[in-house]
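*Asks:*
Protein chains: 2
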Amino acid sequence: MSPPPARVVRFHWEDFPVGATRTFGAMPVTREATLAFAREFDPQPFHLDDEAAAMGLFGKLSASGWHSCAMAMRMMCDDYLLESSSLGSPGIDNLRWLKPVFPGDTLHMRYTVLEARTMKSRPGVGLVRLEWQMFNQQDEPVLSMEGWGMFGLRSAALGASA
Amino acid sequence: MSPPPARVVRFHWEDFPVGATRTFGAMPVTREATLAFAREFDPQPFHLDDEAAAMGLFGKLSASGWHSCAMAMRMMCDDYLLESSSLGSPGIDNLRWLKPVFPGDTLHMRYTVLEARTMKSRPGVGLVRLEWQMFNQQDEPVLSMEGWGMFGLRSAALGASA
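So the sequence lines, in the order shown, correspond to chains A and B.
With the working numbering, the residue at position 142 of the first sequence is 142, and numbering never jumps.
Heads up: take any position in the second sequence, counting from 1, add 162, and you land on the working numbering.
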């Protein structure tokens, strides 16, 4: 095993105030990745086969909705999560697949902070409720979801290192 | 391209009456698959690195929550979706990651039909609201979620072929 990479924590709970928004990501959706995900996790014909997809609701091959979620997660990781004091998430609400995602699309994300509060039961930890939206290259929303995230407080991190 | 596989449609909207339950799946969670998913979609240290995971909330390497969702989807496909008149899903509510999923676990699923109705706007199509739960080999629930699915009606399929 290689040693854990040194993590620089730039984003704490305090960096997610209510109303804050952030636009990020530029994820190309390749045909190869679309087919590989579908083969492993969602082998429905309209995600795997051009002819079957042509007869389906969207008229051409589209990515699994769970692949869209996974790509959203990767954009979050690359933009802020890997440099944050994130402690994970208990879950997601109101996940909506609004439009199909197609090979050849390029996706980006935007979050909006809906709520933020510190946890009485866990000193040094705060909760943030975020709405995420994913857009294609025409700025059409293709996915939206909401969820709580737990983040360490900057004040606690400063206290710990003092 | 190979031709679309011939699909046998065994499950229609009528096969999901309110209150119906079904237990299915036996998905082994390998270390290789856990790391491969994390590398591509969720490279947080506690999904990728034993030492970082040992210092984290769960004490050892765990699978990405989105990997759990993707494995749930595969079990649904293999058990009933690929042999159904499914027309897809608009989204998911109340997705909860209840316990960590670890390499070495073996997962299974259970669904319960919560609601079912035909669509006035789309003759021949019905909606089903399902709750899915995912369990590990100790029968501990590790994930739950709810969602609407659209399925073609058997009566419409019979009518079409008559």
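Idealized CB from N, CA, C, for every residue including glycine.
1. Terminal residues of the continuous beta strand (DSSP E) containing residue 167(A)?
2. Listing by chain order, which chain B residues have their CB less than 8 Å from the CB of residue 87(A)?
3. Quick one: residues in its chain with C-beta nearer than 6 Å to the C-beta of residue 102(A), no 5 flanking neighbours on either side, listed in chain order?
4. For residue 70(A), go through chain B and note every residue whose CB falls closer than 9 Å to its CB, in chain order.
5. Just tell me which of 310(B), 300(B), 230(B), 197(B) has its CA closest to the CA of residue 191(A).
6. Alpha carbon to alpha carbon, how far is residue 16(A) from residue 29(A)?
7. Please report the straight-line C-alpha distance between residue 244(B) and residue 126(A), rounded to a whole angstrom.
8. Given this structure, state the Cα-to-Cα distance separating residue 291(B) from residue 302(B), to the nearest angstrom.
9. With a CB to CB cut of under 6 Å and the five nearest residues on each side skipped, what residues in its chain are close to residue 154(A)?
10. Is residue 182(B) buried or exposed, if buried means 16 or more other CB atoms sit within 10 Å of its CB?
11. How long is the line joining the alpha carbons of residue 172(B) and residue 187(B), rounded to whole angstroms?
12. Could you check the C-alpha separation between residue 201(B) and residue 119(A) for me, to the nearest Å?
13. Within a Cβ cutoff of 8 Å, which residues of the same chain sit near residue 23(A), ignoring the five residues on either side of it in sequence?
14. At a CB-CB cut-off below 7 Å, which residues of chain B make contact with residue 90(A)?
15. Going by beta carbon distance, what residues of the same chain come within less than 7 Å of residue 286(B), once the five residues before and after it are set aside?
16. Quick check on the burial criterion: 16 or more other C-beta atoms within 10 angstroms. Buried or exposed for residue 137(A)?
17. Report the three-state DSSP secondary structure of residue 277(B) (helix, strand or coil).
18. Under 8 Å, Cβ to Cβ, is there at least one residue of chain A near residue 163(B)?
19. List the endpoints of the continuous alpha helix (DSSP H) containing residue 227(B).
20. Taking the continuous alpha helix (DSSP H) assigned at residue 197(B), which residues delimit it?
21. Which bits of chain A does residue 235(B) rub up against, with CB to CB less than 8 Å?
22. Ends of the alpha helix (DSSP H) at residue 151(A)?
23. For the alpha helix (DSSP H) holding residue 267(B), just list the boundary residues, first then last.
24. Would you say residue 93(A) reaches chain B, if we count a Cβ-Cβ gap shorter than 8 Å as a contact?
25. My guess is that residue 135(A) and residue 232(B) are in contact by the Cβ rule of under 8 Å, so how many angstroms apart are they, rounded?
26. Measuring CA to CA, which of 56(A), 86(A), 91(A) is closest to residue 227(B)?
27. For the region 106-131 of chain A, enumerate the residues whose C-beta is nearer than 8 Å to any C-beta of chain B, in chain order.
28. Quick check on residue 210(B): does DSSP put it in helix, strand or coil?
29. What's the call for residue 84(A), buried or exposed, on a 16-neighbour Cβ count within 10 Å?
30. Of the residues 277(B), 262(B), 305(B), which one's Cα is nearest the Cα of residue 215(B)?
31. Let me make sure I understand the geometry here. Which of 219(B), 320(B), 312(B) has the alpha-carbon closest to that of residue 89(A)?
32. Using DSSP with H/G/I as helix, E/B as strand and the rest coil, what is residue 98(A)?
33. Return the CA-CA distance between residue 95(A) and residue 305(B), expressed in angstroms with no decimal places.
34. Mind checking whether residue 146(A) and residue 105(A) have CB atoms under 8 Å apart?
*Replies:* Inspection of the coordinates gives the following:
1. Residue numbering for chain A in the displayed model covers 1 to 162; residue 167(A) lies beyond these limits and cannot be assessed.
2. To locate residue 87(A), count along the first sequence from 1; it is residue 87. In chain order: 219.
3. Looking up residue 102(A) in the first sequence gives position 102. Leaving aside the five residues that flank residue 102(A) on each side, the residues in its chain whose CB is nearer than 6 Å to its CB run, in chain order, 62.
4. On the first sequence, position 70 is the one that residue 70(A) refers to. Chain B residues near residue 70(A): 199, 202, 203, 204, 226, 228, 229, 231, 232.
5. Shown here, chain A extends from 1 to 162; a query on residue 191(A) therefore has no answer.
6. In the first sequence, counting from the first residue as 1, residue 16(A) sits at position 16. In the first sequence, counting from the first residue as 1, residue 29(A) sits at position 29. Approximately 29 Å between the Cα atoms of the pair.
7. Counting from one through the second sequence, the residue named residue 244(B) turns up at place 82. Counting from one through the first sequence, the residue named residue 126(A) turns up at place 126. So the alpha carbons of these two residues sit roughly 42 Å apart.
8. Here residue 291(B) refers to the residue found at position 129 when the second sequence is read from its first residue. Here residue 302(B) refers to the residue found at position 140 when the second sequence is read from its first residue. Using only the alpha carbons, I get a separation of about 23 Å.
9. Your numbering for residue 154(A) matches position 154 in the first sequence. Once the five neighbours on either side are set aside, the close Cβ partners of residue 154(A) are 12, 14.
10. Walking along the second sequence from the start, residue 182(B) turns up at place 20. Residue 182(B) should be labelled exposed.
11. As a first step, residue 172(B) is located in the second sequence; it is residue number 10 there, counting from the start. As a first step, residue 187(B) is located in the second sequence; it is residue number 25 there, counting from the start. Taking the straight line from one Cα to the other gives about 18 Å.
12. The residue labelled residue 201(B) in the question sits at position 39 within the second sequence. The residue labelled residue 119(A) in the question sits at position 119 within the first sequence. Near 31 Å, if we compare the C-alpha coordinates of residue 119(A) and residue 201(B).
13. The sequence position of residue 23(A) within the first sequence is 23, counting from 1. Excluding sequence neighbours, residue 23(A) sits near 108, 109, 110.
14. Walking along the first sequence from the start, residue 90(A) turns up at place 90. What residue 90(A) touches in chain B: 258, 259.
15. As a position in the second sequence, residue 286(B) is number 124, starting the count at 1. So the qualifying residues of the chain are 314, 315, 318.
16. To locate residue 137(A), count along the first sequence from 1; it is residue 137. Looking at its Cβ environment, which holds fewer than 16 other Cβ atoms inside 10 Å, residue 137(A) is exposed.
17. For this step, residue 277(B) is matched to residue 115 along the second sequence. Residue 277(B) carries a strand assignment under DSSP once its states are collapsed to helix, strand and coil.
18. Within the second sequence, numbered from 1, the residue matching residue 163(B) stands at position 1. Annotation note: pLDDT 45 at residue 163(B) (below 50); position unreliable, no value reported.
19. The residue you call residue 227(B) lines up with position 65 of the second sequence. For residue 227(B), the enclosing alpha helix (DSSP H) starts and ends at 227-241.
20. The sequence position of residue 197(B) within the second sequence is 35, counting from 1. Segment 193-203, the alpha helix (DSSP H) holding residue 197(B).
21. Working through the second sequence from its first residue, we reach residue 235(B) at position 73. Neighbours of residue 235(B) in chain A, taken as residues at a C-beta separation under 8 Å, are given in chain order as 41, 42, 64, 66.
22. The sequence position of residue 151(A) within the first sequence is 151, counting from 1. Note, residue 151(A): premise wrong, no alpha helix (DSSP H); beta strand (DSSP E) at 141-152.
23. What you label residue 267(B) is simply residue 105 of the second sequence in a count that begins at 1. Here residue 267(B) belongs to no alpha helix (DSSP H), and DSSP marks it neither H nor E.
24. Walking along the first sequence from the start, residue 93(A) turns up at place 93. Interface criterion met: the Cβ of residue 93(A) is under 8 Å from a Cβ in chain B.
25. Position 135 of the first sequence, counting from 1, holds the residue named residue 135(A). Position 70 of the second sequence, counting from 1, holds the residue named residue 232(B). That pair is no contact at about 22 Å.
26. As a first step, residue 227(B) must be located in the second sequence, where it is residue number 65. Restricting attention to 56(A), 86(A), 91(A), the CA atom closest to the CA of residue 227(B) is found in 91(A).
27. Within the region 106-131 of chain A, no residue qualifies.
28. Position 48 of the second sequence, counted from the first residue, corresponds to residue 210(B). Residue 210(B) falls in the helix class under three-state DSSP.
29. On the first sequence, residue 84(A) is found 84 positions in, with the first residue counted as 1. By the neighbour-count rule (16 or more Cβ atoms within 10 Å), residue 84(A) is buried.
30. In the second sequence, the residue the question calls residue 215(B) occupies position 53. When C-alpha distances from residue 215(B) are compared across 277(B), 262(B), 305(B), the shortest belongs to 262(B).
31. For this step, residue 89(A) is matched to residue 89 along the first sequence. Comparing Cα-Cα distances from residue 89(A) to each of 219(B), 320(B), 312(B), the minimum goes to 219(B).
32. Indexing the first sequence from 1 puts residue 98(A) at position 98. If DSSP states are grouped into helix, strand and coil, residue 98(A) belongs with coil.
33. Within the first sequence, the letter at position 95 stands for residue 95(A). Within the second sequence, the letter at position 143 stands for residue 305(B). Distance between the alpha carbons of residue 95(A) and residue 305(B) is about 15 Å.
34. The count along the first sequence starts at 1 and reaches residue 146(A) at position 146. The count along the first sequence starts at 1 and reaches residue 105(A) at position 105. No; because the gap between Cβ atoms is not below 8 Å, this pair is not in contact.
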